[in-house]
Amino acid sequence: MKYISTRGGIEAVNFTQAVMMGLADDGGLLIPEQIPSVSEAELSSWRKLSYPQLAVEVMKPFIGSTIPESDFRDLVKRSYSTFDASEVIPVKQVGDIFISELFHGPTLAFKDVALQLLGNLFEYLLKRDGGKLNILGATSGDTGSAAIHGVRGKKGIDIFIMFPDGRVSPLQERQMTTVPDKNVHCIAVKGTFDDGQRVLKDVFNDLDFKRKYYLGAVNSVNWARVLAQIVYYFWSAFRVQEQTKAKRVQVSVPTGNFGDIFAGYVALRMGAPIQRLILATNENDILSRFFNTGVYSRGQVCPTLSPSMDIQVASNFERYLYYRVGKDSKKVRDLMAEFASTKSLSLSDSGDPTFAAGRGDTESTLATIRKYHREYGYILDPHTAVGVAVAEKFLCDIPTICLSTAHPAKFSAAITQALGADLAHHPTLDALVSLPTRRVTLDPKPEIIKEYMESIL
Ligand SMILES: *Cc1c(COP(=O)(O)O)cnc(C)c1O
């Protein structure tokens, strides 16, 4: 399998090159040349597999011969052995919906599913092929800690994570700044997540710097992250089919950077038994507005109870756009240029029936947390609650799966606000409170970030 850029400006690369490259050198995003399709026979044999076994089968065609299968099997097995649920991702019926709990990894958010694997993959490739890697990432909260936990203490890797100062929850911050490993560097930037993401793009677009310092990306622009996430769409659909005998399901996804739901889109195009994806945003609703109107236009970032979705420019959107405009990279380039200069782009096609989209505001987030606690004794984290609130508008005659992207204890302030008491706890998080922290505070300017990195490397 070869990978090309959404903007059509690079020579095709293989899987391991795509993983190490992160963003494509022409400023676009890497995507596979074709999306493999899965036969009915494969689907029925996949139903019997454990999560790590399924992960190997789903990812195999995308990896090709770049990693021997037995090595890959071992990487996958190690990556999911850090999860605290024996099935890795439990899928539970709660009232009228099914909740797919993606948060059983070390940092209690769904990003561990991809980043545990990515950390092991980086380590494997560096050991095999030699070299070093300096990871630079921008986080709205959860990516940072998941990436740090994916690579902490790993040889040949340093990691620099920028997070918006004061805009991630205190616990999220502690999950990053308490990690004592010397290869971990936490940077609080004075600004929003979008500022961090813009600096990240600027630093990566400095190709001399990128090559000199072996920069790599862990943000959801890295293809390996999307890839690892495709697996749980198959897994969750299979588990619900076992319980309901339904031919197809729909999946609701609380969305920020369009990484998680883009993996669902790929799963659907591969042939996963998914009828429709429900895209759920909070008040930062650029994506739900786009799916309802065809206009993708940037607003102001507004802080909400679901901070990991407080994003107005979704970096993975370009991958979807590529497919939406019929794989026409010139059109993608033109649209992205239009967006860069006017902060808006629009499509005049008739929409995409693969998606339903809606927005769950603060009030409905709180009401949904209350309802699920009161009626079913289940505590939803605020991101998951946005997905559930929007899913409830689209319930139909096929089962609905809501992806649960975080453990509620990560966002205990929102839980307290909803339920009037601090009811969500997790021993891993409770233990962080007494640990020492390390961070620097910097302006969100590419020169300043580069200078800081150079002072350490
Ligand atoms: C990152 C994150 C999201 C959004 O995922 P995207 O891939 O950016 O759409 C939702 N919920 C939680 C808890 C997250 O950490």
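The number in our numbering is simply the position in the sequence shown, starting from 1, with 109 added. By construction, the Cβ of each residue, glycine as well, lies at the ideal position given by its N, Cα and C atoms. These numbers were taken from a predicted model, which means no experiment stands behind them.
Is the beta carbon of residue i within less than 7 Å of some heavy atom of ligand 1?
i	result
G246	no
T514	yes
A97	Past the edges of the chain, shown from 110 to 566, lies residue 97, and the structure says nothing about it.
L262	The sequence shown places Gly at residue 262, rather than the Leu named in the question. Outside the cutoff, so no.
P555	no
M418	yes
R213	The sequence given here has His at residue 213, not Arg. H213: no, Cβ never under 7 Å from ligand 1.
N366	yes
S329	yes
I370	yes
H492	yes
T537	no
D394	no
T252	yes
P363	yes
Let me check one thing: in DSSP terms, what residues is residue i bridge-paired to?
i	result
G467	A389
M271	A247 and I296
M511	Sequence check: residue 511 is Cys here, not Met. BP columns for C511 point to I208 and S361.
I113	I140
V122	Y112
G325	I244
I266	L242
For the beta strand (DSSP E) that contains residue i, what are its first and last residues?
i	result
N243	L242 to A247
V277	Note, V277: premise wrong, no beta strand (DSSP E); not H, not E.
T550	V549 to L551
Cutting at 7 Å between CB atoms, please list the residues of its own chain near residue i, excluding the five before and the five after it.
i	result
L163	W155, V340, F343 and W344
K220	D251, T252 and A255
R348	V200
T525	D531
D193	H213
F367	L396, A423, N425, F426 and Y429
P141	M110, Y112 and F171
L551	I296, V298, I557, I558 and Y561
For residue i, I'd like the list of residues in its chain whose CB is within less than 8 Å of its CB, leaving aside the five on either flank, ordered along the chain.
i	result
K186	P161
P553	M271, V298, K299, G300, D304, G305, R307 and V308
K319	V312 and F313
R433	L456, D458 and D461
G173	M110, N123 and F124
Just curious, the alpha helix (DSSP H) that residue i is in, first and last residue?
i	result
Y561	P555 to I565
I395	I395 to T402
Y233	K220 to D238
G408	From DSSP, G408 is part of no alpha helix (DSSP H); its letter is neither H nor E.
D317	L316 to K321
Does the beta carbon of residue i come closer than 8 Å to any beta carbon on chain D?
i	result
S146	Annotation note: the requested chain D is absent from the structure, which comprises a single protein chain.
Who are the near neighbours of residue i in its chain, counting only those whose CB is closer than 6 Å to its CB and skipping five residues on each side?
i	result
W332	A127 and L139
Y405	F399 and L454
V288	I257 and R261
F464	L386, L388 and F400
Original post:
What are the start and end residues of each continuous alpha helix (DSSP H) run of 4 or more residues lying completely inside the segment 165-215, in chain order?
Top reply: Here the runs fully enclosed are 178-189.
**OP:** Any chance you could list the alpha helix (DSSP H) runs of at least 4 consecutive residues sitting entirely within the segment 329-393, in chain order?
**Re:** With a minimum length of 4 residues, the continuous alpha helix (DSSP H) runs that stay inside the segment 329-393 are 332-353 and 368-379.
Original post:
What are the uninterrupted segments assigned as beta strand (DSSP E) that are 3 or more residues long and contained completely in the segment 131-159, given in chain order?
Top reply: As far as the segment 131-159 is concerned, its whole beta strand (DSSP E) runs of at least 3 residues are 139-141.
**OP:** Please list the segments of the alpha helix (DSSP H) lying wholly inside the segment 490-546, counting only runs of 4 or more residues, in order along the chain.
**Re:** For the segment 490-546, whole alpha helix (DSSP H) runs of length 4 or above, ordered along the chain, are 491-500, 521-528 and 536-539.
Original post:
What residue ranges within the segment 420-470 form continuous beta strand (DSSP E) runs of no fewer than 3 residues, ordered along the chain?
Top reply: Runs of beta strand (DSSP E) with 3 or more residues, each lying fully within the segment 420-470, are found at 453-455 and 464-468, listed in chain order.
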